[in-house]
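Visitor:
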Amino acid sequence: MGSRKRSARQRRVAEFKAGLGGLDDAYGQERRRRDEDERRREAARRLRSCERKQRYATRYDAEEAMTRCAEHGARDLRCYRCPHCHGWHLTSHPWE
Ligand SMILES: [Zn+2]
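The numbers in numbering that gives the first Met the number 0 rise by one with no breaks, and the one at position 25 of the sequence shown is 24.
#1: Any heavy atom of ligand 1 closer than 7 Å to the Cβ of G86?
#2: Since R54 and G86 should fall inside the 8 Å C-beta cutoff, what is the C-beta to C-beta distance between them, to a whole number of angstroms?
#3: On the DSSP bridge assignment, give the partners of T90 in chain order.
#4: Beta-carbon of L46 versus every beta-carbon of chain C: anything under 8 Å?
#5: For the region 55-68 and the region 26-35, state whether three or more C-beta atom pairs, one from each stretch, are separated by less than 8 Å.
#6: Excluding the five sequence neighbours on either side, which residues of its own chain have a C-beta within less than 8 Å of the C-beta of L76, listed in chain order?
#7: What residues are listed by DSSP as bridge partners for Y55?
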């Protein structure tokens, strides 16, 4: 009888610990999901502001290209130093 009680208690302890493990894992999963979201957003930003764009090695090259674009009617362009590739890109968006 005594040993049966003990094993029931051990089972409850095991279940309790498994429950805690489950919570830890739920927290881990949530954190991983957020990291993944952030990584995806960063990749999308990078694609928009860097990888899809023409890259210029120097500000001078970028400004020259801007001048050519202006001659073809592109207005309100500006250039910026890219934090991803450290080259220069042109943009017409004020927030880039
Ligand atoms: Zn870039």
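For glycine and all other residues, C-beta sits at the position ideal for the given N, C-alpha and C. Keep in mind that this is a model prediction, so the values were computed, not measured.
Guide: In short, the structure shows the following:
#1: Checking the Cβ of G86 against ligand 1 gives yes.
#2: With 8 Å as the limit, R54 and G86 qualify as a contact, their Cβ atoms being about 4 Å apart.
#3: Paired residue(s): R77.
#4: Of the protein chains in this structure there is only one, and it is not chain C.
#5: In short, these stretches do not touch, since the Cβ pair count stays below three.
#6: Same-chain partners within the cutoff: M65, C68, A69, L89, T90, S91.
#7: Under DSSP, Y55 shares a beta bridge with W87.
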